[in-house]
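Just so you know, the sequence shown maps onto residues 459 to 925 in this note's numbering. The block underneath contains the structure these notes are about, expressed in structure tokens.
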Amino acid sequence: MNKILCSILTLSVTFLFISCASDDRQKGGSGRSIPFRDSTLTDSNAYNPVFLDSMAMEAFIKDQHLDDTLADGIRGFYNVRNYQFAWIAGDGLTEQALSFKSLFDFENGDSVSGRKLDAQLDDLATSERITNPNAHLNTELMFTWRFVNYADRTYSDETDRNVFIEQFLPVRKMTPGERLDYIKNEKNSSVASSAYTKLKSKLLSLTDSLSASPDSLKQDSLNGVIEKILLNLERMRWMPDPQNGHYILVNIPEFMLHVRNGAEKVFDMNVVVGKEANNTILFSSRLNHVVFSPYWNLPRSIVKNEVLPAMEKNKNYLTDNNMEITGEQNGLPVVRQLPGPKNSLGKVKFLFPNGFNIYFHDTPNKTSFNKEKRAFSHGCVRLGEPKKMAEYLLRDNNEWTSEKIEQAMNSGTEKWVKVKDPVPVMITYYTAWVDENDSLRLAEDIYGHDKKMAAKLFTSTYSYAQD
């Protein structure tokens, strides 16, 4: 019998225990129904083997003067987890932290408050190692405060609200078979996005095929696909579900940008994303400016690691590359590249506020778009058809005809144009999804995010080696 089905049959008792435990509830001081603390979770079976002190949480609630309803929501959130950290792990922010921040930013746009918290999260998002997560306890608890507030505001039904607060984040490691069983039986009626629902439907069809197939090779292949889907369902459950309005979605492993109006396809575009050493961060924002004939203000890391060594070898490096020094900051020269044919941003860039200095842009190097795998940038997203994007964003501005856009792109003089209605942008990382033709699509795990999540989500895996 194949591994996943065997796990379902032999370990279903564990799932029943988890389900029953979630129904074991008490009334908080506010009258809110909250679960008892799950003391069966330890550092050996928890999704995140880093725990906080419950008294530290209580001190936070007191210091912040939180009302009883919100305080009980936070207590219930951590009771289910036995007080394991939800958002911060030893290897940086969890994917769930990035996903919820992306969801929250997408829905709140420019009205997002708590900028200090967002700056702290952005700093942690670029960290590959966090030696002491408890040093960031306040950030963890502030983000949980935002999470519970979001649930209370979004879900009027108490059951849906409890499902979101207590079950949306993974709590314990499971075998893939247990996780599959959990997904089959979860209560997520009004919480799941349409993308999640479609992928879950494909998962159930695959498990039916797995049960019916006597071919061991086919079973082995399907086991790997099922595990990949399970990992991506964990990402999909956080995906915003825009029913109306235009938005832009970039799926990094697919190397594609998708423009949608609600469920309707507007157009797709090939893109180049960050290489593994400079991987593109997952986040949401709103595209609000088009910049024609842009300067390129070089990031400090590029100045330090690339430009200065090149200047030592070639005293004419700046002139040869149409660059200039405009000042000095913290011992490093401030360098920018002038508009023109050598400019690394090409003829136009597209800005959306974020803490990672990531944006869309043109490029003078068009050959990379002909490659199947397109992970070559320093982290920004290069567009295969930048003029098409400019025309789309300025389509309601009569001043910006196709001819004028072409002229501005080739003028050699930088010009900023504000987008009348900023367009939501989502940067995602899906290696399994269902396309508009209802076909299951798979992509390579180019940044190793699947492997990293599998090590946290599963006790053992079929496809992903444990380091």
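Using N, Cα and C, we set each Cβ at its ideal position, and we do this for glycine too.
Rounded to whole angstroms, the gap between the alpha carbons of Tyr905 and Ser918 is 21 Å.
Phe741 is a Cβ neighbour of Ala583, given a cutoff of 9 Å.
In this structure, the beta-carbon distance from Ala890 to Val729 does not fall below 9 Å. Per DSSP, reduced to three states, the secondary structure at Gln554 is helical. Judged by DSSP in its simplified three-state form, Tyr775 adopts helix. Here DSSP, grouped into helix, strand and coil, assigns His747 to strand. In the DSSP assignment, the residues bridged to Asp726 are His716.
The shortest C-alpha to C-alpha distance from Phe601 to any of Gln865, Ala901, Tyr536 and Leu680 is the one to Tyr536. Contact between Gly548 and Pro493 is absent: CB atoms are separated by about 26 Å, not below the 8 Å threshold. A straight line joining the alpha-carbon of Ser802 with that of Leu668 spans about 49 Å.
When DSSP assignments are scanned along the region 483-523, the uninterrupted stretches of alpha helix (DSSP H) that are 4 or more residues long and fall wholly within it turn out to be 512-521. Within the model, the alpha-carbon separation for His704 versus Met513 is close to 46 Å. Taking a contact as a CB-CB distance under 8 Å, the pair Lys876 and Asn746 counts as one, their CB atoms being some 7 Å apart.
In the displayed model, Leu599 falls within a helix according to three-state DSSP.
For the region 885-914, not one full-length alpha helix (DSSP H) segment reaches 4 residues or more.
When rounded, the separation of the alpha-carbon atoms in Met847 and Val748 is 10 Å.
Uninterrupted alpha helix (DSSP H) stretches at least 4 residues long and entirely within the region 835-867 occur at 844-851 and 860-867, given in chain order.
Gln542 carries a strand assignment under DSSP once its states are collapsed to helix, strand and coil. Scanning Leu551, Asp879 and Leu766 for the CA closest to the CA of Gly789 turns up Leu766. DSSP places Tyr640 inside the alpha helix (DSSP H), whose first and last residues are Pro634 to Asn643. Excluding residues up to 5 positions away in sequence, Ser651 and Ser652 lie with their Cβ nearer than 6 Å to the Cβ of Asp699 in the same chain. In the three-state DSSP reduction, Gly732 falls in the strand class (E or B).
Residue state for Lys631 is assigned as coil, using DSSP reduced to three classes. Less than 9 Å separates the beta-carbon of Thr597 from that of Gln578. In summary, Glu624 is buried, with 16 or more beta-carbon neighbours lying within 10 Å of its beta-carbon over all protein chains present.
Pro634 sits buried, since 16 or more C-beta atoms from the chains shown fall within 10 Å of its C-beta.
In this model, Glu685 and Ser826 are separated by some 31 Å (Cα to Cα). At a Cβ-Cβ threshold of 9 Å, Ile706 and Arg693 do not count as neighbours. DSSP places Thr784 in the uninterrupted beta strand (DSSP E) bounded by Met781 to Gln787.
Sequence-distant partners of Arg630 (beyond 5 residues in either direction) whose C-beta falls short of 7 Å from its own C-beta, in its chain, are Leu499, Asn503, Ala504 and Tyr505.
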